[in-house]
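**Q**
Numbering (my numbering), first residue to last: -11 to 467.
1. For residue 362, count the other beta carbons within 10 Å of its own beta carbon; 16 or more makes it buried, fewer makes it exposed. Which is it?
2. Which residues bound the alpha helix (DSSP H) around residue 205?
3. Can you confirm whether the region 95 to 115 touches the region 132 to 144 when touching is taken to mean that 3 or more C-beta pairs between the two stretches lie within less than 8 angstroms?
4. Take residue 115 and list the residues in its own chain whose beta-carbon comes closer than 6 angstroms to its own, dropping the five residues that flank it on each side.
5. Whose CA, out of 333, 129, 253 and 411, lies closest to the CA of residue 296?
6. Which residues mark the beginning and the end of the alpha helix (DSSP H) in which residue 155 is found?
7. Cβ atoms of residue 193 and residue 215: under 8 angstroms apart, would you say?
8. Identify the continuous alpha helix (DSSP H) that holds residue 442 and give its terminal residues.
9. Apart from the five residues just before and just after residue 203, which ones in its own chain have a Cβ nearer than 6 angstroms to its Cβ?
10. With burial defined as no fewer than 16 other Cβ atoms inside 10 Å of the residue's Cβ, what is the status of residue 396: buried or exposed?
11. How many Å lie between residue 445 and residue 331 at the Cα?
12. With C-beta atoms as the reference, is residue 148 less than 8 angstroms away from residue 179?
13. Alpha carbon to alpha carbon, what distance is there between residue 371 and residue 121?
14. Suppose the cutoff is 7 angstroms on Cβ atoms and the five residues either side in sequence are ignored; what does the same chain contact list for residue 340 look like?
15. Is there contact between the region 159 to 168 and the region 182 to 199, where contact requires at least three CB pairs shorter than 8 angstroms?
16. According to the Cβ coordinates, are residue 324 and residue 80 closer than 8 angstroms?
17. Taking the straight line between their C-alpha atoms, what separation do you get for residue 451 and residue 457?
18. Alpha carbon to alpha carbon, what distance is there between residue 367 and residue 420?
19. Are residue 480 and residue 402 touching if we call contact CB-CB under 8 angstroms?
20. Residue 405: which of 394, 436, 429 and 428 sits nearest, CA to CA?
21. Between which residues of its own chain and residue 10 is the CB-CB distance below 7 angstroms, once the five residues before and five after are set aside?
22. Have a look at residue 263 and residue 318 and give me their C-alpha separation to the nearest angstrom.
23. Out of curiosity, what's the CA-to-CA distance linking residue 71 and residue 84?
24. Are the beta-carbon atoms belonging to residue 112 and residue 87 less than 8 angstroms from one another?
25. What is the rounded straight-line gap between the Cα of residue 259 and the Cα of residue 300?
26. When you compare only the Cα positions, how much space is there between residue 455 and residue 369?
27. So, are the CB atoms of residue 242 and residue 271 less than 8 angstroms apart?
28. Does DSSP put residue 231 in a helix, in a strand, or in coil?
29. Would residue 141 be called buried (16 or more neighbouring beta carbons within 10 Å of its own) or exposed?
30. Where residue 151 and residue 213 are concerned, what is the direct C-alpha to C-alpha distance, given to the nearest angstrom?
31. Below 6 angstroms CB to CB, which residues in the same chain sit around residue 355 once its five sequence neighbours on both sides are set aside?
32. If contacts are defined as beta-carbon pairs under 8 angstroms, then residue 251 and residue 227 qualify, I think. What distance do you get, rounded to the angstrom?
33. State the Cα-Cα distance for the pair residue 73 and residue 376, rounded to the nearest angstrom.
34. What is the C-beta distance between residue 385 and residue 364, in whole angstroms, given that I count them as a contact (C-beta under 8 angstroms)?
35. Taking C-beta to C-beta, are residue 394 and residue 382 nearer than 8 angstroms?
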């Protein structure tokens, strides 16, 4: 047990439960990371946190003007005694066609609500790219770059999309523009190296990929693309070394085994070449035989995944814009499609907390602790929501559950002591302070004990607690 876990401060409940206010990244966008280990699909789609200082929502949209529902200035705190939401206990059925239409409608409504905002366009572009509407996706990313040329994911996704459909020239121009603006992340350099290799500029690609490896030396994708560039440049022995490093790091793709077979043959290693060619053919055979069947089997689940991701990103954008009503509807739809989506629950709880809808927040925390029953902090957040909604008994029960999960940590005892003191249950508060003090005696703990004893009229016990303060070094006064 470390000192940080056991420090006992008088404002313990406020400190521990203030973490309720810690938010998700409101600028996160659809998370479909690039798989740099598969060079047959040279680039997937990716996005990272995007920062937008100001978003002004459009008043008239397909969803209505939204003012009464969304505007923080017009939202009146609802009654805290009754919740206004029900969370599903089973995921709703939906076909692939229905989910795709729904996702398209969602992004169109998002762009209508927030016109000329690159955050909204970016979410739509990623959806269009996944639905193979590549021209529309590229037009949106190009518009995003014109509006805000400082955001790396716009360049990266535009280039990835171009590489995926074989337009290495557009990818190269896009990535060189990004680099000229100071963007030199491993992802940017990786895709720049790939575009240069495809354009026959292998020497330049090698330099770029070596720079990428300085930033991320344990990336098998970087080593694989470097090996391919070295092979095109005629550096066969160096190519073999790079490709084998990628293989040993866990890379496995058609393009890797094709390059290894080619390299081994050129080095006169016929047995190794035959082995790598066999693995390459196995990949090709599997894709030929199973591709259509796998598409039919996975198409509905993939459409559901895409829809959930788009709803999640739309919720984040709406939340950033202060359109909490729309954000709530997006998150509730995610839970309808995936009733065990823990991320959506956490985001929904934060929406309700920001609007002081404590009874609704309590409903969500109940689901969270069902899905993740061993996270102590969730019970403390649940207790805070229960207390704010006027359900003191539920708050006490939640803190007791937190204590039972971690009986050797003072966190739960301090939270309970503060909660009971605020509710004028001084004798019970004293009990929990004393339990915390058994684990970690401290100056702050004895001060807290003295305070609660005085509130009960126990002056002698209060003085006895204060007498223990000399055991501890007084805190250094702040300047």
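Built from N, CA and C at the ideal position, the CB exists for glycine as well.
**A** On the basis of the supplied data:
1. exposed
2. Segment: none, residue 205 is in no alpha helix (DSSP H) and carries neither H nor E.
3. yes
4. 91, 95 and 298
5. 333
6. Run containing residue 155: none; DSSP gives neither H nor E here.
7. no
8. 431 to 443
9. 174
10. exposed
11. 47 angstroms
12. yes
13. 47 angstroms
14. 348, 349 and 352
15. yes
16. yes
17. 10 angstroms
18. 17 angstroms
19. Residue numbering for the chain in the displayed model covers -11 to 467; residue 480 lies beyond these limits and cannot be assessed.
20. 436
21. Low local confidence applies: a pLDDT of 27 at residue 10 is under 50, so the model's placement there is unreliable, with the coordinate-based value given in what follows. Around residue 10: no qualifying Cβ.
22. 50 angstroms
23. 33 angstroms
24. no
25. 50 angstroms
26. 35 angstroms
27. yes
28. helix
29. buried
30. 14 angstroms
31. 75 and 333
32. 5 angstroms
33. 17 angstroms
34. Rounded, the Cβ-Cβ distance is 14 angstroms, inconsistent with contact.
35. no
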